[in-house]
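Number of protein chains: 2
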Amino acid sequence: ALELRGITKVYGQGETAVQAVAGVDLVVEHGEHVAVMGASGSGKSTLMHVLGCLDTPTSGTYRLGGLDTGALDDRRLALLRNRRIGFVFQSFNLIPRTTALANVELPLAYAGVRGKVRKERAQAALDRVGLANRVDHLPSQLSGGQQQRVAIARAIVTEPLLLLADEPTGALDSHSTEEVLQLFDQLNAEGRTIVVITHEEEVAARSGRVLRMFDGKVYQDERRVGR
Amino acid sequence: ALELRGITKVYGQGETAVQAVAGVDLVVEHGEHVAVMGASGSGKSTLMHVLGCLDTPTSGTYRLGGLDTGALDDRRLALLRNRRIGFVFQSFNLIPRTTALANVELPLAYAGVRGKVRKERAQAALDRVGLANRVDHLPSQLSGGQQQRVAIARAIVTEPLLLLADEPTGALDSHSTEEVLQLFDQLNAEGRTIVVITHEEEVAARSGRVLRMFDGKVYQDERRVGR
Ligand SMILES: Nc1ncnc2c1ncn2[C@@H]1O[C@H](COP(=O)(O)OP(=O)(O)OP(=O)(O)O)[C@@H](O)[C@H]1O
Ligand SMILES: Nc1ncnc2c1ncn2[C@@H]1O[C@H](COP(=O)(O)OP(=O)(O)OP(=O)(O)O)[C@@H](O)[C@H]1O
Ligand SMILES: [Mg+2]
Ligand SMILES: [Mg+2]
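Chains as they are written, first to last, in the numbering used here: chain H, 194 to 420; chain D, 194 to 420.
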């Protein structure tokens with residue numbers, strides 16, 4: 194389970210300080226499929242950075258799978274992220290001048306997976322997002338939607354327990370969007386926890402619960418019946 | 194008017210060559226508002242790069258406002274772009290470590306607009322996209338939707354005759370999307386030609402004409418009645 198208590202995140206200081214997250218209490222049980230919606234600048238990506246242990250909160254506590262993340266040093270946080278969490282970032286964050294395949298292999302390399310198995314798993318992940326014929330392309334040689342799908346492949350290749358996806362279908366047409374949503378349904382059915390930030394109602398409709406943010410707070414938390 | 198005849202764009206060579214645009218004939222009259230839709234990888238961004246003179250076609254001709262772009266050297270193409278075209282790129286292409294204001298001032302600086310007027314115009318453009326209170330933030334200190342809106346402000350600050358926007362609302366919630374679409378309607382009412390790449394039907398619905406691409410070709414060209 195993910196447990197946030199009294200979480201705030203402030204950027205900057207004094208007059209120009211920005212309260213990106215302004216007090217969030219939240220429990221996400223293991224295996225849930227949650228969507229996060231809200232206005233531009235309302236704190237969604239910042240909240241995801243806290244959930245993914247990429248950013249330490251300014252105040253409050255975050256327990257992930259029972260562990261108090263505030264008590265872990267950087268090295269243990271890095272291990273935790275690599276072993277348990279998959280990220281799809283809002284701007285993809287692919288490594289330039291590095292092939293799609295090498296980009297997807299990276300989290301496996303960090304986890305100590307060996308060359309041959311690593312390549313096979315990366316190839317399989319790219320296959321799952323329909324990019325088998327683009328494995329040797331560099332990010333600059335891929336369309337926007339293809340780059341986004343490489344980012345998705347990289348997020349799932351380690352078979353993470355928690356998938357955090359920030360606007361994962363933002364650059365995709367309806368056909369590719371549907372393929373990605375079915376992939377997420379499949380991963381959720383395998384027991385993985387999924388948190389998706391999205392501004393599209395049709396994407397949010399696929400999750401069992403929708404959180405809505407405004408000015409750094411969660412003002413609505415709605416569970417769907419029968420999911 | 195924009196006139197494309199027999200336009201192709203091929204990346205790479207031999208076995209691995211990719212026909213990103215595979216034969217497009219198209220006329221867009223001055224003042225039109227056109228949407229371009231199609232599957233991921235179907236050639237939309239590549240087509241936009243040709244329309245914006247950022248990429249020379251592999252074959253075919255492109256006349257922009259009566260000028261044969263194939264006959265212009267790099268310096269004249271750069272001038273043409275700066276004076277007549279505004280770009281919103283799919284991945285924003287903001288300059289890191291440079292404030293939002295400075296990013297928006299850049300096309301004006303290239304056009305030789307002086308410091309005080311330049312700052313005022315850049316400030317006004319950021320105001321139009323609701324970012325008056327973020328002018329001194331760096332791209333890394335802005336949310337995804339805020340970065341996208343800075344890119345839009347930069348695209349309109351030179352008051353271009355042609356606006357080319359690649360997924361300009363991809364990172365925006367419905368409220369910000371509506372504001373941007375109204376801004377585009379306003380620009381179009383001022384007589385500017387607008388070409389928007391989008392995968393969202395609600396965005397395409399705001400244009401007078403929708404082109405649909407697949408495998409590098411335009412397979413459908415539909416004008417709306419009464420627009
Ligand atoms: N520099 C390049 N080298 C090789 N192939 C390229 C290059 N740039 C683009 N491509 C390929 O050309 C095709 C069309 O790309 P383009 O970016 O125009 O697609 P798109 O319609 O904009 O897609 P999306 O909706 O995903 O943004 C893609 O299959 C892409 O892999
Ligand atoms: N490093 C930073 N320094 C200063 N302010 C920041 C920084 N990072 C984010 N912000 C501010 O925090 C607020 C929340 O940002 P966040 O990225 O979480 O929003 P978001 O909900 O993801 O928005 P979007 O839908 O546009 O992606 C924004 O107003 C942004 O300007
Ligand atoms: Mg965001
Ligand atoms: Mg594109």
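By construction, the Cβ of each residue, glycine as well, lies at the ideal position given by its N, Cα and C atoms.
Mind checking which residues open and close the alpha helix (DSSP H) that includes Phe377 of chain H?
-> Stepping through the first sequence from its first residue, residue 377 of chain H is reached at position 184. Run containing Phe377 of chain H: 367-382, per the alpha helix (DSSP H) assignment.
CB of Gly172 of chain H to nearest heavy atom of ligand 3: below 7 Å?
-> Past the boundaries of the shown model lies residue 172 of chain H; chain H is included only from 194 to 420, so the question cannot be answered.
Identify, in the order they occur along the chain, each residue of the same chain with its Cβ nearer than 7 Å to the Cβ of Ala397 of chain D, setting aside the five sequence neighbours on each side.
-> The residue labelled residue 397 of chain D in the question sits at position 204 within the second sequence. Ala228, Met230, Thr391, Val403.
Could you tell me if Gly236 of chain H is buried or exposed, where buried requires 16 or more neighbouring beta carbons within 10 angstroms of its beta carbon?
-> As a first step, residue 236 of chain H is located in the first sequence; it is residue number 43 there, counting from the start. Classification for Gly236 of chain H: buried.
Select from the stretch 204-215 of chain D all residues with a C-beta closer than 9 Å to any C-beta belonging to chain H, and list them in chain order.
-> Tyr204, Gly205, Thr209, Val211, Ala213
Residues bridged to Ser233 of chain D by DSSP?
-> Walking along the second sequence from the start, residue 233 of chain D turns up at place 40. DSSP, once it has assigned bridges, lists no residue as partnering Ser233 of chain D.
By DSSP, does Gly224 of chain D sit in helix, in strand, or in coil?
-> Locating residue 224 of chain D in the second sequence gives position 31, counting from the first residue. It is coil, neither helix nor strand.
Could you check the C-alpha separation between Gly205 of chain D and Glu415 of chain H for me, to the nearest Å?
-> In the second sequence, residue 205 of chain D corresponds to position 12, counting from 1. In the first sequence, residue 415 of chain H corresponds to position 222, counting from 1. Rounded to whole angstroms, Gly205 of chain D to Glu415 of chain H spans 49 Å at the Cα level.
Listed by chain order, chain H residues near Gly234 of chain D by CB distance under 7 Å | Taking the second sequence and counting its residues from 1, one reaches residue 234 of chain D at position 41. Those are Ser336, Gly338, Gln339, listed as they occur along chain H.
Please report the residue range of the alpha helix (DSSP H) in which Gln283 of chain D lies.
-> The residue you call residue 283 of chain D lines up with position 90 of the second sequence. Counting along the chain, Gln283 of chain D falls outside any alpha helix (DSSP H), and DSSP gives it neither H nor E.
Proximal chain H residues relative to Thr368 of chain D, where beta-carbon distance stays under 9 Å | The residue you call residue 368 of chain D lines up with position 175 of the second sequence. One detail in the question is off: residue 368 of chain D reads as His in this sequence, not Thr. In chain order: Ala232, Ser233.
With DSSP collapsed to three states, give me the class of Gly259 of chain D.
-> As a working note, residue 259 of chain D is residue 66 in the second sequence. Note: Gly259 of chain D maps to coil in three-state DSSP.
Return yes when the Cβ of Ala348 of chain H is within less than 8 Å of the Cβ of Leu356 of chain H, no when it is not.
-> For the purposes of this step, residue 356 of chain H is identified with residue 163 of the first sequence, where counting begins at 1. For the purposes of this step, residue 348 of chain H is identified with residue 155 of the first sequence, where counting begins at 1. Judged by beta-carbon spacing, Ala348 of chain H lies within the 8 Å limit of Leu356 of chain H, meaning their Cβ atoms are closer than that value.
Per DSSP, which one or two residues make a beta bridge with Ala215 of chain D?
-> Taking the second sequence and counting its residues from 1, one reaches residue 215 of chain D at position 22. D:Thr201, per the DSSP bridge assignment.
Within the present structure, is the beta-carbon of Gly384 of chain D separated from the nearest heavy atom of ligand 4 by less than 7 Å?
-> In the second sequence, residue 384 of chain D corresponds to position 191, counting from 1. Answer for Gly384 of chain D: no, Cβ out of range of ligand 4.
Chain-order list of residues whose beta-carbon lies under 7 Å from that of Phe280 of chain D (same chain, five-residue window excluded) | The residue you call residue 280 of chain D lines up with position 87 of the second sequence. The answer, listed in chain order, is Gly245, Ala348, Leu357.
At a CB-CB cut-off below 7 Å, which residues of chain H make contact with Gln283 of chain D?
-> Working through the second sequence from its first residue, we reach residue 283 of chain D at position 90. Ordered by position in chain H, the residues that pass the 7 Å Cβ test against Gln283 of chain D are Gly337, Ala364.
Assuming Gly253 of chain H and Ile200 of chain H form a contact by the criterion Cβ under 8 Å, report the distance between their Cβ atoms to the nearest whole angstrom.
-> Within the first sequence, residue 253 of chain H is the residue found at index 60, counting from 1. Within the first sequence, residue 200 of chain H is the residue found at index 7, counting from 1. Gly253 of chain H to Ile200 of chain H, Cβ: 4 Å. Contact.
Would you mind giving the Cβ-Cβ distance between Pro361 of chain H and Pro332 of chain H, rounded to the nearest angstrom? I have them listed as a contact below 8 Å.
-> Against the first sequence, residue 361 of chain H aligns to sequence position 168. Against the first sequence, residue 332 of chain H aligns to sequence position 139. Incorrect: roughly 17 Å between the Cβ atoms, too far for contact.
Any chain D beta carbon closer than 8 Å to Glu360 of chain H = The residue you call residue 360 of chain H lines up with position 167 of the first sequence. So yes, Glu360 of chain H belongs to the interface.
Tell me, to the nearest whole angstrom, how far the beta carbon of Leu197 of chain H is from that of Val217 of chain H; I am working on the premise that it is less than 8 Å.
-> For the purposes of this step, residue 197 of chain H is identified with residue 4 of the first sequence, where counting begins at 1. For the purposes of this step, residue 217 of chain H is identified with residue 24 of the first sequence, where counting begins at 1. Going by Cβ atoms, the distance from Leu197 of chain H to Val217 of chain H rounds to 5 Å, so yes, they are a contact pair.
Alpha-carbon spacing of Val221 of chain H relative to Ala315 of chain D, whole angstroms | Against the first sequence, residue 221 of chain H aligns to sequence position 28. Against the second sequence, residue 315 of chain D aligns to sequence position 122. Straight-line measurement puts the Cα of Ala315 of chain D at about 43 Å from the Cα of Val221 of chain H.
Would you say His392 of chain H faces chain D, with C-beta separation under 8 Å as the test?
-> What you label residue 392 of chain H is simply residue 199 of the first sequence in a count that begins at 1. Taking Cβ atoms only, chain D reaches closer than 8 Å to His392 of chain H, which makes this a yes.
Since Arg321 of chain D and Ala346 of chain D are thought to touch, with beta carbons under 8 Å apart, how far apart are those beta carbons, to the nearest angstrom?
-> Reading the second sequence from its first residue, position 128 is the one you call residue 321 of chain D. Reading the second sequence from its first residue, position 153 is the one you call residue 346 of chain D. Between Arg321 of chain D and Ala346 of chain D the beta-carbon gap is near 7 Å, inside 8 Å, which marks them as a contact.
So is Asn326 of chain D buried or exposed if we call it buried at 16+ other beta carbons inside 10 Å?
-> As a working mapping, residue 326 of chain D is identified with position 133 in the second sequence. For Asn326 of chain D, the number of other beta carbons within 10 angstroms of its own is below 16, and it is reported as exposed.
When DSSP labels each residue in this structure, what does Gln316 of chain H get in the three-state scheme?
-> Against the first sequence, residue 316 of chain H aligns to sequence position 123. Gln316 of chain H: helix per DSSP, three-state reduction.
Exposed or buried, what is Glu298 of chain H when buried is set at 16 or more other beta-carbons lying within 10 Å of its beta-carbon?
-> As a first step, residue 298 of chain H is located in the first sequence; it is residue number 105 there, counting from the start. So Glu298 of chain H ends up on the buried side.
Taking 7 Å as the line, does the beta carbon of Asp267 of chain H fall inside it for any heavy atom of ligand 2?
-> As a working note, residue 267 of chain H is residue 74 in the first sequence. Checking every heavy atom of ligand 2 against the Cβ of Asp267 of chain H, none is found closer than 7 Å.
Anything in the stretch 321-333 of chain D with a Cβ closer than 7 Å to a Cβ of chain H? List those residues in chain order, please.
-> none
For a contact meaning CB atoms closer than 8 Å, what does Ser238 of chain D contact in chain H?
-> In the second sequence, residue 238 of chain D corresponds to position 45, counting from 1. Here the neighbours are Ser336, Gly337.
Any heavy atom of ligand 2 closer than 7 Å to the CB of Val373 of chain D?
-> Numbered from its first residue, the second sequence carries residue 373 of chain D at position 180. No - ligand 2 has no heavy atom lying nearer than 7 Å to the Cβ of Val373 of chain D.
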